[in-house]
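This note's numbering puts the sequence shown at residues 13 to 259. Backbone N, C-alpha and C fix where the C-beta goes; we use that ideal spot for every residue, glycine too. Taking it in order: structure first as structure tokens, then the write-up.
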Amino acid sequence: MAGILVGDGYIEGVAPNVELVVAKALSENGSGEDSIVAEAIDWCVDQGVQIISLSLGGAPGIIPFNPFSGRDSSDAASDAIDLGIVVIAAAGNDGGPDDDGDVAHPSSERLVISVGGTTQTGEHWSGSSTGDNNGNLFPLILPRSDPHQKPEIVAPAESVPVINNRGTWQIVDGTSAATVYVTGAIALLLEQNPELGTNGGQASTDTVIQIKQALMDTAKPTPSQNGHDDDYGYGMIQIANLLESFV
């Protein structure tokens, strides 16, 4: 997924000047433990990052994957946000008839930016997880209200070109790819406005909320959309509008 962000060849990344800090939290087949994801988030915080991009997700709801393991990825994400670090995570890829009822964990965390997916024509991608913002008893999901309904934003998730481990390009689907587009947009915003980043010395939870709100305010909803949509969030990301909103 890094090519979407920093590609500098035939296809240029969204934010090619980004300095990457990479943590491996999952196995080659994409499986893993939530406690390891939490450790990876903590490690990124220790490295002094300004953005944490999580192209991953697991079981929905506010119950940790392993309730006996203590600290989970939502705890780690919340701690990072308290320091002014922007955390973006994939909504998940279990949309349609197999939808498990909500966006993936930890994108379900209140101040984590949850990213859903669209098709090449800008419509809702059927594989993208839907937010359960009314709440549920099992799995336990607390009701959400504006401006924290999930997902918050959508980005391209269908037929996205990415660099593979052979150094060539291939086409993939998924909200993991959509997440990186949003990460790139926020990276450009911090590049344009360094005072918003943790390195600028002014970052805080309020800063994260400000960035999150601007992302939603500048998004493009569907023509028939009025407010938040459980599939489409607050709209499709509009990078130019986001950057202009801070000029």
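Fewer than three beta-carbon pairs drawn from the region 203-222 and the region 172-183 are found closer than 8 Å, and the two stretches are therefore not classed as touching. Of the other Cβ atoms in all chains shown, 16 or more fall within 10 Å of the Cβ of Tyr193; this residue is therefore buried. Comparing C-alpha distances from Ala231 to each of Ala252, Val124, Ile100 and Ile153 shows the shortest one belongs to Ala252.
Shortest Cα-Cα distance from Leu202 to any of Asn29, Gln59 and Gly25 involves Asn29. The Cβ atoms of Gly147 and Leu154 sit closer than 8 Å to each other. Restricting attention to Ser86, Leu68 and Ala27, the CA atom closest to the CA of Leu255 is found in Ala27. Listed in chain order, the non-local C-beta contacts of Asp54 below 7 Å within the same chain comprise Ala88, local neighbours out to five positions each way being set aside. A residue is called buried once 16 or more other Cβ atoms fall within 10 Å of its Cβ, and Gly139 is buried on that count. A distance of 8 Å or more separates the beta carbons of Ala101 and Gly134. Remark: C-beta atoms of Ala215 and Gly96 approach each other more closely than 8 Å. Looking at the DSSP output, Glu24 shares a beta bridge with Asp20.
When beta bridges are read from the DSSP output, Asn176 appears opposite no residue.
Note on Ser236: under 16 other CB atoms within 10 angstroms of its CB, so exposed under the neighbour-count rule. When the five nearest sequence neighbours on each side are left out, the beta carbons in the same chain lying within less than 8 Å of the beta carbon of Arg83 are those of Ser47 and Ala50, in order along the chain. Contact between Pro168 and Ala189 holds, since their C-beta atoms are separated by about 7 Å, short of 8 Å. Shortest Cα-Cα distance from Val166 to any of Asp241, Pro109, Arg122 and Asn145 involves Asp241. For Thr130, the enclosing beta strand (DSSP E) begins and ends at Ile125 to Thr130. Within its own chain, the residues whose Cβ lies closer than 7 Å to the Cβ of Gly15, once the five positions on either side in sequence are excluded, are Gly25, Val174 and Ile175, listed in chain order. Membership of Ile198 in the alpha helix (DSSP H) is indicated by the continuous run Thr187 to Gln204.
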